[in-house]
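Student: Using my numbering, the first residue of the sequence shown is number 2, and each one after it goes up by one.
Every residue gets a Cβ at the ideal spot worked out from N, C-alpha and C, and that includes glycine.
Being a predicted model, the structure only gives us computed values, none of them experimental.
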Amino acid sequence: MKKKLLIILLTAITLCTACASSNQTAMYAAKSSDFFEAPAMDSTESVAINDGYAADYDSGFSYDESYEYAEEELYDSTTGSSSTVETSENASTSNRKLIKDVNINVETKDYDSLLANIDKQITELGGYVEYMDVYNGSSYNNYRSSRSANITARIPAAKLDEFLGKVGEESNITNKTESVRDITLTYVDMESHKNMLIAERDHLMELLESAETIEDMITVEDRLTEIRYQIDSMESQLRTYDNQVDYSTVNIYISEVVSYTPAPTVERTAWERISEGFVESIVDVCDGIKEFCIGFIIALPYIFVWIVGIAIVIFILRSILRMSKKYRNWSDNKREARKVKKEAKKAAKLERK
Numbered sequence: 002m003k004k005k006l007l008i009i010l011l012t013a014i015t016l017c018t019a020c021a022s023s024n025q026t027a028m029y030a031a032k033s034s035d036f037f038e039a040p041a042m043d044s045t046e047s048v049a050i051n052d053g054y055a056a057d058y059d060s061g062f063s064y065d066e067s068y069e070y071a072e073e074e075l076y077d078s079t080t081g082s083s084s085t086v087e088t089s090e091n092a093s094t095s096n097r098k099l100i101k102d103v104n105i106n107v108e109t110k111d112y113d114s115l116l117a118n119i120d121k122q123i124t125e126l127g128g129y130v131e132y133m134d135v136y137n138g139s140s141y142n143n144y145r146s147s148r149s150a151n152i153t154a155r156i157p158a159a160k161l162d163e164f165l166g167k168v169g170e171e172s173n174i175t176n177k178t179e180s181v182r183d184i185t186l187t188y189v190d191m192e193s194h195k196n197m198l199i200a201e202r203d204h205l206m207e208l209l210e211s212a213e214t215i216e217d218m219i220t221v222e223d224r225l226t227e228i229r230y231q232i233d234s235m236e237s238q239l240r241t242y243d244n245q246v247d248y249s250t251v252n253i254y255i256s257e258v259v260s261y262t263p264a265p266t267v268e269r270t271a272w273e274r275i276s277e278g279f280v281e282s283i284v285d286v287c288d289g290i291k292e293f294c295i296g297f298i299i300a301l302p303y304i305f306v307w308i309v310g311i312a313i314v315i316f317i318l319r320s321i322l323r324m325s326k327k328y329r330n331w332s333d334n335k336r337e338a339r340k341v342k343k344e345a346k347k348a349a350k351l352e353r354k
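Okay, here's the thing in structure tokens:
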């Protein structure tokens with residue numbers, strides 16, 4: 002009997018909490034966003050909505066972070082009417098929750114200086130480096146310098162434009178993309194639900210103090226555990242949102258180059274294209290000759306080793322051929338001497354006969 006009374010009491014407390022939190026939600030949403038209009042609803046609709054909140058808490062509320070509202074209704078008990086909240090066109094964006102991400106590709110002729118300056122600017126503006134990948138080239142790739150770096154920085158949102166301006170002054174930006182996500186409605190909705198859970202938790206704490214049996218205490222403790230877990234989860238997500246809003250993410254890809262990529266210009270005439278192409282060809286030819294000379298000088302030790310090796314091989318081969326020729330001559334002479342000696346013996350035999 003006591004357990005049934007406790008369950009009925011819990012449901013009543015949840016209904017009261019939902020009613021109070023409904024007005025609190027409207028008040029907080031109006032405070033958090035200047036572009037909300039506070040609508041209201043009549044008493045019949047209010048009971049239906051609060052019953053729905055009570056059902057959510059009885060079954061265990063689970064918030065879906067990916068859920069975003071295209072429109073939302075806020076209720077005002079003083080007017081007794083309801084309306085759909087729409088974003089005001091002339092509202093200030095200072096209270097919006099905006100997450101900004103920027104990706105930029107830059108070129109630099111002074112790689113070391115740019116890398117040091119970017120790190121210095123991030124620190125001075127109150128940001129921090131979240132990820133850095135630096136490639137200093139490889140002697141096994143080629144003899145030309147091909148260094149690059151990939152940096153992910155978190156910059157205070159208020160100083161994002163200042164940081165991007167300084168990076169643009171010290172390098173050549175070849176590509177830049179920006180994206181902005183408005184999470185205002187999601188943030189306000191999550192915070193209002195968190196406040197409702199906190200109110201229910203406080204009521205349950207009061208109820209726990211007056212519980213008389215162990216079964217009553219276990220029932221209340223189970224519900225408190227669920228609510229605390231949900232509150233912690235929402236607070237963690239809200240902190241993540243705050244960090245993403247307060248600190249914009251900037252991904253910077255740095256490439257070291259000999260000359261900057263020319264900016265696109267208006268349509269050029271045929272003569273301009275010919276003259277520019279001819280000059281570029283001459284520059285390419287000069288660069289090719291210069292790189293060939295540099296490569297040849299760099300490769301001189303290898304060339305010297307190859308020349309010495311080839312000379313040794315040639316000397317050995319010539320020595321072998323010379324020895325082979327001498328051996329053939331010695332063999333021929335010996336064979337000729339045997340032949341002469343043999344003929345002399347035949348002649349001596351003929352004379353004796």
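1. When the Cα atoms are used, what is the spatial distance from VAL103 to ALA154?
2. With DSSP as the reference, identify every bridge partner of ASP134, one or two as the case may be.
3. DSSP puts ILE105 in a beta bridge; with which residues?
4. Leaving aside the five residues before and after GLU171 along the sequence, list all residues of the same chain whose C-beta is less than 7 Å from its C-beta, in chain order.
5. Would you give the residue range spanned by the alpha helix (DSSP H) that PRO302 belongs to?
6. In the DSSP assignment, the alpha helix (DSSP H) including THR185 goes from what residue to what residue?
7. Three-state secondary structure (DSSP) at TYR261?
8. Hey, quick one: how far does the alpha helix (DSSP H) through LEU126 stretch, first residue to last?
9. Is GLY166 helix, strand or coil by DSSP?
10. Could you tell me which of PRO157, GLN245 and ILE275 sits nearest to GLN122, measuring between CA atoms?
11. Is ARG182 helix, strand or coil by DSSP?
12. To the nearest angstrom, how far is it from the Cα of THR250 to the Cα of ASP190?
13. Return the first residue and the last residue of the alpha helix (DSSP H) that ASP111 is part of.
14. By how many angstroms is the C-alpha of MET133 removed from the C-alpha of SER256?
15. Roughly how many angstroms lie between the CA atoms of TYR188 and LYS177, to the nearest whole one?
16. Quick check: what's the CA-CA separation for VAL168 versus ILE299?
17. Could you pull the DSSP bridge partners for LEU99 from this structure?
18. Would you mind sorting ASP217 into buried or exposed? The rule is 16 or more other CB atoms within 10 Å of its CB.
19. Compute the distance between the beta-carbons of ILE100 and GLN245, then report whether it is under 8 Å.
20. Looking at the unbroken alpha helix (DSSP H) that takes in ARG240, where does it start and where does it end?
21. For LYS195 versus ILE253, is the C-beta distance shorter than 8 Å?
22. By alpha-carbon positions, which one of SER234, ARG202, GLN238 and TYR230 ends up nearest to VAL221?
23. Taking all protein chains shown into account, do 16 or more other C-beta atoms lie within 10 angstroms of the C-beta of GLU344, making it buried, or fewer, making it exposed?
24. Expressed to the nearest angstrom, what Euclidean distance is found between the alpha-carbon atoms of ILE295 and LEU301?
25. Cα separation between THR241 and THR175?
26. Determine whether the beta carbon atoms of ASN173 and TYR112 lie at a separation below 8 Å.
27. Does the Cβ of TYR248 have 16 or more other Cβ atoms within 10 Å, making it buried, or fewer, making it exposed?
28. Could you tell me the distance, in whole angstroms, from the CA atom of LYS1 to the CA atom of LYS350?
29. Tell me the rounded alpha-carbon separation between ASP333 and GLU352.
30. How many angstroms separate the CA atom of LEU165 from the CA atom of ASP288?
Tutor: Short version:
1. Indexing the sequence shown from 1 puts residue 103 at position 102. Indexing the sequence shown from 1 puts residue 154 at position 153. About 10 Å.
2. Along the sequence shown, one-based indexing puts residue 134 at 133. Looking at the DSSP assignment, ASP134 forms a beta bridge with ASN151.
3. By 1-based counting over the sequence shown, the position of residue 105 is 104. BP columns for ILE105 point to LYS177 and ILE253.
4. Here residue 171 is taken as the residue at index 170 of the sequence shown, counted from 1. Around GLU171: LEU115 and ASN118.
5. Within the sequence shown, numbered from 1, the residue matching residue 302 stands at position 301. 301-353 is the span of the alpha helix (DSSP H), which, as asked, contains PRO302.
6. Taking the sequence shown and counting its residues from 1, the one referred to as residue 185 is at position 184. Start and end: 185-210.
7. By 1-based counting over the sequence shown, the position of residue 261 is 260. TYR261 falls in the coil class under three-state DSSP.
8. By one-based count along the sequence shown, residue 126 stands at place 125. Careful: LEU126 lies outside any alpha helix (DSSP H) and carries neither H nor E.
9. Along the sequence shown, one-based indexing puts residue 166 at 165. The answer is helix: DSSP assigns GLY166 an H, G or I state.
10. For the purposes of this step, residue 122 is identified with residue 121 of the sequence shown, where counting begins at 1. Ranking the options by Cα distance to GLN122, first place goes to PRO157.
11. To locate residue 182, count along the sequence shown from 1; it is residue 181. Strand at ARG182.
12. Mapped onto the sequence shown, residue 250 falls at position 249. Mapped onto the sequence shown, residue 190 falls at position 189. About 24 Å.
13. Here residue 111 is taken as the residue at index 110 of the sequence shown, counted from 1. That residue, ASP111, is in no alpha helix (DSSP H); it is neither H nor E in DSSP.
14. The residue labelled residue 256 in the question sits at position 255 within the sequence shown. The residue labelled residue 133 in the question sits at position 132 within the sequence shown. Their Cα atoms are separated by approximately 14 Å.
15. Taking the sequence shown and counting its residues from 1, one reaches residue 188 at position 187. Taking the sequence shown and counting its residues from 1, one reaches residue 177 at position 176. Near 28 Å, if we compare the C-alpha coordinates of LYS177 and TYR188.
16. Start at 1 with the first residue of the sequence shown, and residue 168 comes out as number 167. Start at 1 with the first residue of the sequence shown, and residue 299 comes out as number 298. Each residue's alpha carbon lies about 36 Å from the other.
17. Counting from one through the sequence shown, the residue named residue 99 turns up at place 98. According to DSSP, which records beta bridges pairwise, LEU99 is partnered with ASP183.
18. Position 216 of the sequence shown, counted from the first residue, corresponds to residue 217. ASP217 is buried by the Cβ-count criterion.
19. Within the sequence shown, residue 100 is the residue found at index 99, counting from 1. Within the sequence shown, residue 245 is the residue found at index 244, counting from 1. For ILE100 and GLN245, yes; Cβs fall inside 8 Å.
20. To locate residue 240, count along the sequence shown from 1; it is residue 239. From DSSP, the alpha helix (DSSP H) with ARG240 extends over 215-247.
21. Locating residue 195 in the sequence shown gives position 194, where the first residue counts as 1. Locating residue 253 in the sequence shown gives position 252, where the first residue counts as 1. It is not a contact, given that the beta carbons lie outside the stated cut-off.
22. Here residue 221 is taken as the residue at index 220 of the sequence shown, counted from 1. For VAL221, the nearest C-alpha among the options comes from ARG202.
23. Position 343 of the sequence shown, counting from 1, holds the residue named residue 344. With fewer than 16 Cβ atoms within 10 Å of its Cβ, GLU344 is classed as exposed.
24. By 1-based counting over the sequence shown, the position of residue 295 is 294. By 1-based counting over the sequence shown, the position of residue 301 is 300. Near 10 Å, if we compare the C-alpha coordinates of LEU301 and ILE295.
25. Here residue 241 corresponds to residue number 240 of the sequence shown, with the count starting at 1. Here residue 175 corresponds to residue number 174 of the sequence shown, with the count starting at 1. Each residue's Cα considered, the two are about 31 Å apart.
26. On the sequence shown, position 172 is the one that residue 173 refers to. On the sequence shown, position 111 is the one that residue 112 refers to. No. Outside cutoff.
27. Residue mapping note: residue 248 aligns to position 247 of the sequence shown, counting from 1. Counting Cβ neighbours within 10 Å, TYR248 comes out buried, since at least 16 surround it.
28. The structure shown does not extend to residue 1, since the chain is modelled only from 2 to 354, so the question has no answer here.
29. Start at 1 with the first residue of the sequence shown, and residue 333 comes out as number 332. Start at 1 with the first residue of the sequence shown, and residue 352 comes out as number 351. Going by the C-alpha atoms only, they are around 29 Å apart.
30. By one-based count along the sequence shown, residue 165 stands at place 164. By one-based count along the sequence shown, residue 288 stands at place 287. Their Cα atoms are separated by approximately 33 Å.
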